[in-house]
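Undergrad: Under this note's numbering, the letters of the sequence shown match residues 1275 to 1935, in that order. Cβ coordinates follow ideal geometry from the N, Cα and C atoms, glycine included. This structure is in structure tokens; I'll ask about it shortly.
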Amino acid sequence: MDLESIPGVGEKTARALAALDDPERALRTGDVATLATAPGISQGRAARIARGAIRLEHDDPGGFLATDRAREIYREVLGLLKDRTVTDYAAQRLETLYPSPRRSRIDEVQAFAREALEREPTPDVLEALEGVEPLREPGDVRVRERCLATTDAERYSEAREAIPELSVEVVEDTQGLAELARGYATVIALDESFAGVALDGDVQVRPDALENPAEIVPERPLAFFARNRDRLQAAIAVHRAADLEAPCDLVALEDGLSRLAEDGTVAGDDELDRLTTAVDDLDTVASAAESVANDQLREAIREQDVTIEGSDLLSLVERGAGVDSLLSRELADEYAVAVDAAREHLIDALDLDAGEAEIARRAFGDEPTFPVERDEDVVGRLRDELTAAKERRAGRLKRELAADLADQREGARQLVRDALELDVELAIARFADDFDCVMPAFVDSADAVGFDIEGGRSPLLDEPLERIDPVDYAVSGVALLSGVNSGGKTSTLDLVASVVVLAHMGLPVPAERVRLRRFDDLHYHAKTQGTLDAGAFESTVREFADLAQGGEGSLVLVDELESITEPGASAKIIAGILEALSENGATAVFVSHLAGEIREMAAFDVTVDGIEAVGLVDGELEVNRSPVKDHLARSTPELIVEKLAGEHDSAFYGDLLEKFE
């Protein structure tokens, strides 16, 4: 796919999209989440780009929604669908659904919608969806204690591109490699020429390192899974609650996530936890061990009755001996006990193993001193030993966990994509259930059907579904729709527009049964407020002139066009428009209070349908909401006069009633 051929995609945006792993898949499927990961592309723009790509794929010229009111209807029905989503992704994904005149696009979405109608939006599934969001990239992962080394400048460039998480160093020879090993905990040599070289430190010769980045930088996959752990766990819950077929091993993925801490380190390993705690607590525990020895020694000195003869004291002084000599001579046993207590405290508190304990014991010497002090060199060696053991264990565990998770990365992505797509499907299923929808049937235009709606209920009415009267209405060609004020003429137009828009989106429609032709576009003109001035009137007439000349395949809905000018002129203009639309094979419904006058002025037998008021009940109109075919509905004033004539034996009311005949 030529990305720059997509409407709204320029050179810069095309470059950003090309950086994605599989931009064509994302564009073809309307994967807004993936498209939005491209630099500089928001979810809203991603939806617009996806729509453009879909139009390009189906050779869709666009412009189906030809008027402001038609676009308002689309936004309103789309809003009803979006209201039934759980995730932000699903709401944006629905933006890629739009009314199209192309059969291939309608069929494509209808297939998706039919599968969606099989979904069951249970409370457990909807609750699980609340935690699902598109996966995030972890950003810059930087590992400073490890580096790559090579003697080749070209290899250097490859390494920087393949493994940006590590520093890449150029060395000339083995000596340069040895110098690197003194500054890094681990050096990974990329050149096979270094094989067999013995150097101090952790130097690994890995010519295949660039082909196996997860082994060299396990932090890369671990950071991805750590950052997305909650989202993945939510997606797992969605799959289980909805009984979806998973694209990866859910048990293995859960196990891997359970072993991963929020910061990307390995969690749940007792030995690593022991070493980590020992390194962190070493100084504190060593100080506590000193206190243990000194407290015991003070107590021993306090309780010990030491007698020194004058000649012995003189001898000690002459030799420059101090308290240490006195302890060695008089309290050797007590000192040994105190030092043993310090050693055991250090070993027990840090939970050291046998090898570590051997080093720890040397932290307190056998030569009596007071106060007892640890040997910092020995403590430093113990710290180095513990730290090295910790790093070795952490590194091994990271590599093992990264290996387990790295193979599931694409499966995990698909897992989340499927959960998010399920939310889109459930929104359609919930909409269909809330409004008692069915899939519409498209018929060939040669069948002389514009639209045929049975049991339709407008989703735009602000009423509970059970309080909305079902409407049956069918039109082929052009028709005038008459009826009393507040009888539901505008609501009928809204119903027709909603059904047509949803059908051309490929979605279920709010009715018991619907048959319709594929329209090229929808022109819905709402009722104007007041008489138009000359300029606005001229513009309106020009608009209908253009429509009349090329209206074949159009659906035209007009609400009380007569309000644009005085009634006499309006009837003539509407009659002329209807004649032109009829000649061009358009389907049209014009709501008008001048239906009788327009019919008389039209040069063809125009159909007049009527929303008939049955009568007045307690001052309120009782209306049959389904238009009656070929019937000019009575006006509200006529009903009122008829009611008065029936209640009063007066020639006045009778004469008035005759005027309506």
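Nearest-angstrom Cα distance between valine 1471 and leucine 1546?
TA: Against the sequence shown, residue 1471 aligns to sequence position 197. Against the sequence shown, residue 1546 aligns to sequence position 272. Cα-Cα distance, rounded: 31 Å.
Undergrad: Using DSSP's beta-bridge definition, name the partner residues of cysteine 1421.
TA: Numbered from its first residue, the sequence shown carries residue 1421 at position 147. Partner(s): Ser1441 and Val1461.
Undergrad: Considering only their Cβ atoms, is the gap separating cysteine 1421 from valine 1477 smaller than 8 Å?
TA: The residue labelled residue 1477 in the question sits at position 203 within the sequence shown. The residue labelled residue 1421 in the question sits at position 147 within the sequence shown. Not closer than 8 Å, so no.
Undergrad: For the segment 1646-1723, which segments carrying the beta strand (DSSP E) assignment without a break, of at least 3 residues, lie completely within its bounds, in sequence order?
TA: Segments of the beta strand (DSSP E) lying fully in the segment 1646-1723: 1715-1717.
Undergrad: Rounded to whole angstroms, what is the Cα-Cα separation between glutamate 1737 and glutamate 1285?
TA: Within the sequence shown, numbered from 1, the residue matching residue 1737 stands at position 463. Within the sequence shown, numbered from 1, the residue matching residue 1285 stands at position 11. Those two C-alpha atoms are separated by around 49 Å.
Undergrad: Please go through the same chain and pick out, in chain order, the residues whose beta-carbon is closer than 7 Å to the beta-carbon of threonine 1341, but skip the five residues on each side of it.
TA: Counting from one through the sequence shown, the residue named residue 1341 turns up at place 67. Excluding positions up to five away in sequence, the list reads His1797, Tyr1798 and His1799.
Undergrad: Can you tell me which of the three DSSP states arginine 1480 falls into?
TA: As a working note, residue 1480 is residue 206 in the sequence shown. Note: arginine 1480 maps to coil in three-state DSSP.
Undergrad: Return the residue from the list Pro1395, Val1360, Ile1621 and Leu1294 that minimises the CA-CA distance to arginine 1704.
TA: Position 430 of the sequence shown, counting from 1, holds the residue named residue 1704. That would be Pro1395, whose Cα lies nearest to the Cα of arginine 1704.
Undergrad: For glycine 1353 and isoleucine 1328, which I take to be in contact (beta-carbon distance under 8 Å), what is that distance rounded to the nearest angstrom?
TA: As a working note, residue 1353 is residue 79 in the sequence shown. As a working note, residue 1328 is residue 54 in the sequence shown. The pair is not a contact, with the Cβ atoms about 20 Å apart (cut-off 8 Å).
Undergrad: Please report the distance separating the alpha-carbon of arginine 1673 from that of aspartate 1569.
TA: The residue labelled residue 1673 in the question sits at position 399 within the sequence shown. The residue labelled residue 1569 in the question sits at position 295 within the sequence shown. Taking the straight line joining both Cα atoms gives about 46 Å.
Undergrad: Compute the beta-carbon to beta-carbon distance between valine 1306 and arginine 1367, rounded to the nearest angstrom, for a pair I have assumed lies under 8 Å.
TA: Position 32 of the sequence shown, counted from the first residue, corresponds to residue 1306. Position 93 of the sequence shown, counted from the first residue, corresponds to residue 1367. 5 Å between Cβ atoms; contact.
Undergrad: Ignore the nearest five residues each way along the sequence and tell me which others in tyrosine 1458's own chain have a CB closer than 7 Å to its CB.
TA: Residue 1458 sits at position 184 when you count from the first residue of the sequence shown. Counting only Cβ-Cβ distances below 7 Å, and skipping sequence neighbours, we find Glu1419, Arg1420 and Cys1421.
Undergrad: When DSSP builds the beta bridges, which residues end up paired with valine 1283?
TA: Start at 1 with the first residue of the sequence shown, and residue 1283 comes out as number 9. Bridge partners of valine 1283: none, in fact.
Undergrad: According to the neighbour-count rule (16 or more other Cβ atoms, all chains shown, within 10 Å of its Cβ), is methionine 1779 buried or exposed?
TA: The sequence position of residue 1779 within the sequence shown is 505, counting from 1. That one is buried.
Undergrad: Would you kindly work out how many angstroms separate the C-alpha atoms of histidine 1619 and valine 1613, rounded to a whole number?
TA: Counting from 1 along the sequence shown, the entry for residue 1619 is found at position 345. Counting from 1 along the sequence shown, the entry for residue 1613 is found at position 339. One C-alpha to the other measures close to 10 Å.
Undergrad: Quick one: what does DSSP say leucine 1247 is sitting in, helix, strand or coil?
TA: Shown here, the chain extends from 1275 to 1935; a query on residue 1247 therefore has no answer.
Undergrad: Taking 8 Å as the limit between beta carbons, can you name the residues of its chain near glycine 1282, skipping five residues before and five after?
TA: The residue labelled residue 1282 in the question sits at position 8 within the sequence shown. Counting only Cβ-Cβ distances below 8 Å, and skipping sequence neighbours, we find Arg1322, Ile1323 and Gly1326.
Undergrad: Below 8 Å, how does it come out for the segment 1840-1854 and the segment 1760-1767: are there three or more Cβ pairs, yes or no?
TA: Segments in contact, no.
Undergrad: Does aspartate 1883 come out as helix, strand or coil in the three-state DSSP assignment?
TA: Looking up residue 1883 in the sequence shown gives position 609. The answer is strand: DSSP assigns aspartate 1883 an E or B state.
Undergrad: Classify valine 1525: buried if its beta carbon has 16 or more other beta carbons within 10 angstroms, exposed otherwise.
TA: Residue 1525 sits at position 251 when you count from the first residue of the sequence shown. When all chains shown are included, valine 1525 counts as exposed.
Undergrad: Taking the alpha carbon of alanine 1771 as the point to measure from, which residue in Thr1308, Leu1291, Arg1349 and Asn1858 has its own alpha carbon closest?
TA: Within the sequence shown, residue 1771 is the residue found at index 497, counting from 1. Considering only alpha carbons, the answer is Arg1349.
Undergrad: Using DSSP bridges, identify the partner residues of threonine 1861.
TA: Taking the first residue of the sequence shown as position 1, residue 1861 is located at position 587. Threonine 1861 pairs with Leu1829.
Undergrad: Bridge partners for tyrosine 1798 per DSSP, in chain order?
TA: The residue you call residue 1798 lines up with position 524 of the sequence shown. Answer is Leu1831.
Undergrad: Is the beta carbon of alanine 1562 closer than 8 Å to that of alanine 1623?
TA: One-based indexing of the sequence shown puts residue 1623 at position 349. One-based indexing of the sequence shown puts residue 1562 at position 288. Cβ atoms of alanine 1623 and alanine 1562: closer than 8 Å.
Undergrad: In whole angstroms, what is the alpha-carbon distance linking arginine 1429 and valine 1445?
TA: Mapped onto the sequence shown, residue 1429 falls at position 155. Mapped onto the sequence shown, residue 1445 falls at position 171. Distance between the alpha carbons of arginine 1429 and valine 1445: 12 Å.
Undergrad: Just the C-alpha distance for glutamate 1834 and alanine 1706, rounded to the nearest angstrom, thanks.
TA: In the sequence shown, counting from the first residue as 1, residue 1834 sits at position 560. In the sequence shown, counting from the first residue as 1, residue 1706 sits at position 432. Each residue's alpha carbon lies about 31 Å from the other.
Undergrad: Using a Cβ-Cβ cut-off of 6 Å (strictly less than) and excluding sequence neighbours within five positions of alanine 1320, which residues of its own chain qualify?
TA: Here residue 1320 is taken as the residue at index 46 of the sequence shown, counted from 1. Within the same chain, alanine 1320 has close Cβ partners Val1306, Leu1309 and Ala1310.
Undergrad: Taking the alpha-carbon positions, what's the alanine 1887 to aspartate 1746 distance?
TA: Taking the sequence shown and counting its residues from 1, the one referred to as residue 1887 is at position 613. Taking the sequence shown and counting its residues from 1, the one referred to as residue 1746 is at position 472. For alanine 1887 and aspartate 1746, the distance between alpha carbons rounds to 16 Å.
Undergrad: In chain order, what residues of the same chain lie with their CB nearer than 6 Å to the CB of leucine 1587, ignoring the 5 residues before and after it?
TA: Position 313 of the sequence shown, counted from the first residue, corresponds to residue 1587. Residue placement at leucine 1587 cannot be trusted, given a pLDDT of 43 that sits under 50; what the coordinates show is reported in the next sentence. Result list for leucine 1587: empty, nothing under 6 Å.
Undergrad: Taking only the alpha-carbon atoms, compute the straight-line gap between arginine 1345 and aspartate 1362 and give it to the nearest angstrom.
TA: Mapped onto the sequence shown, residue 1345 falls at position 71. Mapped onto the sequence shown, residue 1362 falls at position 88. For arginine 1345 and aspartate 1362, the distance between alpha carbons rounds to 22 Å.
Undergrad: If contacts are defined as beta-carbon pairs under 8 Å, then isoleucine 1727 and alanine 1676 qualify, I think. What distance do you get, rounded to the angstrom?
TA: Locating residue 1727 in the sequence shown gives position 453, where the first residue counts as 1. Locating residue 1676 in the sequence shown gives position 402, where the first residue counts as 1. With a Cβ gap of about 59 Å, isoleucine 1727 and alanine 1676 do not count as contacting.
Undergrad: Touching or not, the segment 1620-1640 and the segment 1532-1541, by the rule of three or more beta carbon pairs under 8 Å?
TA: Segments in contact, no.
Undergrad: According to DSSP, is serine 1565 part of a helix, a strand, or is it coil?
TA: For this step, residue 1565 is matched to residue 291 along the sequence shown. Note: serine 1565 maps to helix in three-state DSSP.
Undergrad: How would you call serine 1279, buried or exposed, if buried means at least 16 neighbouring beta carbons within 10 angstroms?
TA: To locate residue 1279, count along the sequence shown from 1; it is residue 5. By the neighbour-count rule (16 or more Cβ atoms within 10 Å), serine 1279 is not buried but exposed.
Undergrad: Look up alanine 1264 in the DSSP assignment and give the residues it is bridged to.
TA: A query on residue 1264 cannot be resolved here, the shown segment of the chain reaching from 1275 to 1935 and no further.
Undergrad: Verify whether the separation of the beta carbon atoms of glutamate 1699 and arginine 1393 is less than 8 Å.
TA: Mapped onto the sequence shown, residue 1699 falls at position 425. Mapped onto the sequence shown, residue 1393 falls at position 119. Yes, the Cβ-Cβ distance between glutamate 1699 and arginine 1393 is below 8 Å.
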